[in-house]
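Asks: Please read through the structure below; I'll follow up with questions.
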Amino acid sequence: MLENVRSELAAAIAAELSDLGVADAAVSLDVPPRRQLGDLAWAGALPLAKALRRPPRVIAEAVASRLGVRISTAAPDHPLAFVEPEVAVEGPGFVNFRLRRGPALAALLRPPTRRGEGGRGHDRLARDGEGVAGAETSEPGFTPGERGGRGGASAAEALGGGPQRSPKVVVEHTNINPNKAAHIGHLRNAVLGDVLVRCLRRLGRRVEVQNYVDDTGVQVADVVVGFLFLPEARLLEAVAPFWPEVAEGEESVQVRALRALASRDGAGTLVAAELGAGDFDDLCWELYPRVTRWYDELPEATAHRAEVLHALEGGFPAGFTLDAAVQRLASPDPRPRTPDPEALARLAAAIAEANLRCHLITMGRLAVAYDVLPHESDILHRGFWARAFELLKEADAIRLESEGKNSGCWVMSLAESAEFAGMADADKILLRSNGTVTYTGKDIAYQLWKLGLLRDADGALHDFGYREFARFAAPGPAAAVTYGAGDRALVRTTDDRDDRLPGADFGGGERVYNVIDVRQSYPQKVVKEAIRVLGHGDAAENSIHFAYEMVALTPAAVKRLEAAQGLDFGLSAEDMAKPFVEMSGRRGIGVKADALLATLVAEAERAVAGRQGEGPGLAAADLAARARAIAVGALRYQMARQGRNRVLAFDFDEALAFEGDTGPYLQYSAVRARKIFDKLADKGLAGTLEGDAAAVAEVAVPDDLWDLVVTAARTGEMVAKAVASLEFSLLAGHARDFAQMFHKLYHEHPVLHAEDEATRALRRAVFRLFSRTIDEILESLLGIPVPSEM
RNA sequence: GCGCCCGUAGCUCAGUUUGGAUAGAGCGUCAGACUCCGGAUCUGAAGGUCGCGCGUUCGAAUCGCGCCGGGCGCACCA
């Protein structure tokens with residue numbers, strides 16, 4: 062509603078200006094800093110003063126008086142009819158507008174009508190009540206013509222689920238190396254990505270979520286090395302706490318560990334779904350730093366890494382089971398000296414898959430879900446790079462160096478791009494002299510596929526094969542995603558194009574967001590540049606690196622970790638004096654996502670139980686569900702509220718706070734609002750939405766309640782602004798301001814004990830709007846569940 | 001060296017992309033809140049050279065230039 066009024070008002074001002082001799086003025090309406098000044102403001106008279114050679118107030122007054130006429134003669138169903146005809150000129154030349162509060166509130170309350178019902182004007186208002194149509198105006202758009210038309214069709218279709226042909230947005234996020242447990246840095250990535258996805262969907266976009274799995278990189282290779290080559294005592298130390306059966310036996314520790322891995326995989330117990338239980342990714346979290354420490358002590362041990370890496374690139378035949386692989390690795394002698402490459406690749410795949418499943422469960426707890434899991438091994442084996450290499454050569458985008466330090470490499474020259482101007486060495490190696498492709502090379506191929514631009518010579522799409530990876534269910538907008546029981550398929554890629562899955566239609570995004578931390582800016586620019594030099598300028602512009610700063614630890618957090626684990630990370634006094642300490646999976650320095658969540662759940666349980674008072678105790682299941690919701694709310698809000706360009710220095714006390722500027726504060730406002738309606742219903746005072754809307758239409762709304770109404774109405778604007786700038790701190794701040802206003806009003810405007818029925822109807826109407834809006838902001842947009850009670 | 005980011009209250013941060021009216025929260029500190037829809041709440045107080053300087057502008061935390069301090073990039077790693 063607000064957005065339509067805004068755009069119509071802007072159009073009206075532009076029309077008046079053109080009568081005054083100013084053609085094509087760009088008119089934008091602001092919200093005044095204080096509500097007493099009005100609901101909307103136009104500051105454009107000030108900059109016009111010079112051009113028109115008249116004082117700004119004179120211009121403002123001319124526009125204001127003419128607008129007054131236009132507004133008072135507007136048709137009743139026109140958006141301008143929601144504006145008070147008295148237009149004020151204040152200060153040096155601000156033009157301030159007020160809304161007709163009663164009618165505006167009534168319009169906001171009424172559920173939006175579907176397209177095709179009702180009159181045209183009414184329909185426009187209704188759709189905008191959802192924040193969709195108006196929201197589009199400030200998003201930097203798809204290039205015109207790509208999007209299937211502004212307004213009508215696309216917005217309305219999206220609300221109804223959308224036709225398959227509307228442009229797709231691909232969002233890639235999470236992308237955790239499948240060699241250890243997820244930590245809080247990955248959490249920031251996943252939450253930012255997930256909130257982006259939710260906001261895009263709110264704006265009516267068709268969105269596909271990809272979680273890229275780097276299953277053939279050195280990180281996975283290092284864990285394979287850990288299982289096969291790490292000195293026995295060290296391997297045992299990492300594995301035995303998780304797999305007691307490895308502690309004893311005749312065979313070597315390596316073989317015992319491999320057998321345990323295979324038998325647990327066969328029994329389906331390799332991955333546990335219990336929060337707090339030591340899982341496979343926790344085992345790897347212990348094992349991986351031991352491997353890197355071993356390399357530091359014994360540099361020649363890195364030869365094992367190279368050997369494994371090479372084996373991973375070769376892959377393994379379809380149908381080769383983990384049991385068979387372990388058999389080959391275990392049989393000949395206690396410690397295999399020359400392992401079978403295929404068996405190594407099969408083992409690596411099992412390790413990567415188990416870690417991936419752990420990550421999916423971790424993210425599922427936080428209501429983060431995906432559509433497809435592209436695997437690096439499939440990019441390799443499906444020949445994505447080979448095809449991209451041909452395209453790059455055809456376009457003369459790369460060249461083979463015959464001398465200098467890059468001799469023998471295929472490089473892409475960046476010297477001609479303005480983006481890379483001033484660089485000492487403006488060449489990026491894509492293919493090494495030993496014939497292997499770099500990560501950036503693979504990423505270019507992957508990005509081409511994401512954009513639907515990886516095509517064979519005959520024009521056919523060069524695509525993956527697909528198979529189902531898991532089934533999952535997510536009962537509500539912000540409810541935990543649970544694997545194993547639902548009817549929605551999570552798909553992974555395969556390297557066999559004959560693996561067809563009905564309805565599988567992935568990649569080919571009109572726009573692609575890559576959620577990756579800011580340290581990857583350089584390679585991301587290279588990828589974008591490659592798309593551009595291949596002749597896809599528009600696609601390059603629609604390849605967006607959603608960059609955010611890293612998560613680090615405060616020195617206090619590091620000390621707490623060391624104390625809790627009885628470890629010494631060996632950081633220098635200089636390091637500990639810095640404002641933050643970088644996490645390092647290699648060194649085992651970090652806060653695991655699940656461990657943090659478990660701590661939060663425990664704290665929340667204590668808090669919930671503590672406020673139960675005397676009455677009958679809360680059922681354990683209720684307690685757990687509430688605590689889980691609160692923990693997730695605290696965590697997601699902490700990740701979303703901070704601007705993306707600022708390093709997030711993680712601190713336990715801050716993370717465990719439930720009061721003030723926190724997720725639970727927001728959740729409490731939503732619970733409180735619902736509670737009002739529960740109580741009203743008990744007393745038979747609930748009223749109806751239509752009744753309240755009708756009652757409110759003719760009534761005077763006081764300033765403080767009106768503030769809450771306007772804030773609710775601005776939600777769509779905030780979503781659009783957040784997406785346009787990729788700053789979700791804006792949305793988090795909006796939610797906080799909104800909840801804060803409600804908490805204040807809650808004390809001053811009792812509903813149940815209102816003085817009279819008219820007062821009650823008004824308060825009920827305003828709080829109804831609040832309740833509906835905060836639920837939507839939290840659950841649908843921020844992914845924060847609202848518990849039934851707290 | 002080159003590039004990007006950060007610097008706002010004692011602390012942690014919004015606000016900077018589109019310049020606008022009296023720069024906002026939370027934590028912490030101090031003082032308070034009705035037998036009343038839940039105190040994870042609310043009210044009040046104290047707390048600011050928006051890192052520094054110059055410039056543009058009717059108007060600068062916001063734009064430009066130059067400094068200072070801090071972080072991160074600039075691999076035949078991923």
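Whatever position you read off the first sequence (first residue = 1), add 61 for the working numbering.
Glycine included, every Cβ here is placed at the ideal spot set by N, Cα and C.
Source: prediction; values computed, not measured.
Closest to Asn236 by CA distance: which of Lys229, Ser227, Leu253, Val230 is it?
Replies: For Asn236, the nearest C-alpha among the options comes from Leu253.
Asks: Where DSSP assigns a beta bridge to Ser40, which residues make up the other side?
Replies: In this structure the chain extends from 62 to 851, so residue 40 is not present and cannot be described.
Asks: Mind checking who Lys653 pairs with in its DSSP beta bridge?
Replies: According to DSSP, which records beta bridges pairwise, Lys653 is partnered with His244.
Asks: Taking Cβ to Cβ, would you say Gln280 is nearer than 8 Å to Asn238?
Replies: Yes, the pair counts as a contact, with Cβ atoms nearer than the cut-off.
Asks: Select from Leu348, Phe303, Asp488 the residue whose C-alpha is nearest the C-alpha of Gly339.
Replies: For Gly339, the nearest C-alpha among the options comes from Phe303.
Asks: With 16 as the cutoff for other CB atoms within 10 Å, does Pro205 come out buried or exposed?
Replies: Confidence is the limiting factor: at Pro205 the pLDDT is only 34, short of 50, which leaves the residue's position unreliable, though a coordinate-based value still follows. With fewer than 16 other Cβ atoms within 10 Å, it is exposed.
Asks: Here's the rule I'm using: 16 or more other beta-carbon atoms within 10 Å means buried, otherwise exposed. How should Val307 be labelled?
Replies: Val307 is buried by the Cβ-count criterion.
Asks: Do Val827 and Leu769 count as a contact pair if the criterion is CB distance below 8 Å?
Replies: Yes. Within cutoff.
Asks: Expressed to the nearest angstrom, what Euclidean distance is found between the alpha-carbon atoms of Arg211 and Gly265?
Replies: Note that Arg211 scores a pLDDT of 32, beneath 50, so its modelled location is shaky; the value from the coordinates is reported in the next line. When rounded, the distance between both Cα atoms is 12 Å.
Asks: List the whole-angstrom C-beta distance separating Val542 from Ala550, where the pair is believed to meet the contact cut-off of C-beta under 8 Å.
Replies: Going by Cβ atoms, the distance from Val542 to Ala550 rounds to 13 Å, so no, they are not a contact pair.
Asks: Which same chain residues, not among the five before or five after Pro117, have their C-beta less than 8 Å away from its C-beta?
Replies: Result list for Pro117: Ala106, Leu107, Leu109, Ala110, Pro153, Gly154, in chain order.
Asks: Nearest CA to the CA of Glu414: which residue from Glu809, Val285, Arg821, Leu475?
Replies: Answer by Cα proximity: Val285.
Asks: So Gly651 and His244 are supposed to be a Cβ contact under 8 Å. How far apart are they, rounded?
Replies: Indeed, because the Cβ distance is near 4 Å, the residues count as touching under 8 Å.
Asks: Go to Ala102, then tell me how far its beta strand (DSSP E) extends in each direction, as first and last residue.
Replies: Element bounds for Ala102: 101-103.
Asks: For Asp54, which option in Glu147, Val130, Ile120, Glu666 has the closest C-alpha, if you only look at C-alpha atoms?
Replies: This structure does not reach residue 54, given that the chain is present from 62 up to 851, and the question cannot be answered.
Asks: Exposed or buried, which one is Ala187 when buried takes at least 16 other CB atoms within 10 Å?
Replies: With a pLDDT of only 34 at Ala187, under 50, the local geometry of the prediction cannot be trusted, and the value read off the model is given with reservation. With 16 or more other Cβ atoms within 10 Å, it is buried.
Asks: The beta strand (DSSP E) that contains Leu491, what's its start and end?
Replies: Looking at the DSSP string, the run of the beta strand (DSSP E) that includes Leu491 is 488-492.
Asks: Whose C-beta lies closer than 7 Å to the C-beta of Phe641 among residues of the same chain, with five residues either side of it excluded?
Replies: Only Ala613, Leu614, Thr615, Val708, Ala710 meet the Cβ criterion.
Asks: Could you check the C-alpha separation between Thr353 and Arg267 for me, to the nearest Å?
Replies: Near 43 Å, if we compare the C-alpha coordinates of Arg267 and Thr353.
Asks: Checking the sheet assignment: what are the DSSP bridge partners for His436?
Replies: According to DSSP, His436 bridges with Val274.
Asks: Tell me the rounded alpha-carbon separation between Val316 and Glu309.
Replies: Those two C-alpha atoms are separated by around 12 Å.
Asks: Mind listing, in chain order, the continuous alpha helix (DSSP H) runs of no fewer than 4 residues lying wholly within the region 760-824?
Replies: Counting only runs of 4 or more, we get 764-774, 776-786, 790-809.
Asks: Could you tell me the distance, in whole angstroms, from the CA atom of Thr134 to the CA atom of Arg689?
Replies: Their backbone Cα atoms lie some 55 Å apart in a straight line.
Asks: If you draw a straight line from the C-alpha of His436 to the C-alpha of Asp275, how long is it?
Replies: Taking the straight line joining both Cα atoms gives about 6 Å.
Asks: Is Asn65 helix, strand or coil by DSSP?
Replies: The answer is helix: DSSP assigns Asn65 an H, G or I state.
Asks: Cα-Cα, which of Leu160, Thr723, Gln271 is closest to Gly569?
Replies: Minimum Cα distance to Gly569 is reached at Gln271.
Asks: When the Cα atoms are used, what is the spatial distance from Ala668 to Leu792?
Replies: Rounded to whole angstroms, Ala668 to Leu792 spans 27 Å at the Cα level.
Asks: Does the structure place the region 496-503 close enough to the region 513-525 that three or more beta carbon pairs sit under 8 Å?
Replies: No: the two stretches stay apart, fewer than three of their Cβ pairs being nearer than 8 Å.
Asks: Grouping DSSP H, G and I as helix and E and B as strand, with all else coil, what is Ala410?
Replies: Helix.
Asks: Among Asp714, Ala617, Asn495, which one has its Cα closest to the Cα of Ala634?
Replies: Nearest of Asp714, Ala617, Asn495 to Ala634, Cα basis: Ala617.
Asks: Expressed to the nearest angstrom, what Euclidean distance is found between the alpha-carbon atoms of Ser68 and Tyr574?
Replies: In a straight line, the C-alpha of Ser68 is about 29 Å away from that of Tyr574.
Asks: Have a look at Thr909 and Thr723 and give me their C-alpha separation to the nearest angstrom.
Replies: Since the first and last residues shown for the chain are 62 and 851, residue 909 lies out of range.
Asks: Check whether the Cβ atoms of Val88 and Ala104 lie closer than 8 Å to each other.
Replies: Cβ distance not < 8 Å, so Val88 and Ala104 don't count as in contact.
Asks: Taking 8 Å as the threshold (C-beta atoms), are Ala747 and Phe831 in contact?
Replies: Not closer than 8 Å, so no.
Asks: Is Phe377 a contact residue of the ligand SAH, with contact defined as CB to any heavy atom under 7 Å?
Replies: Of the ligands one can find in the structure shown there are none, so the ligand SAH has no counterpart to examine.
Asks: Cα separation between Phe738 and Leu512?
Replies: Computed Cα separation, rounded: 48 Å.
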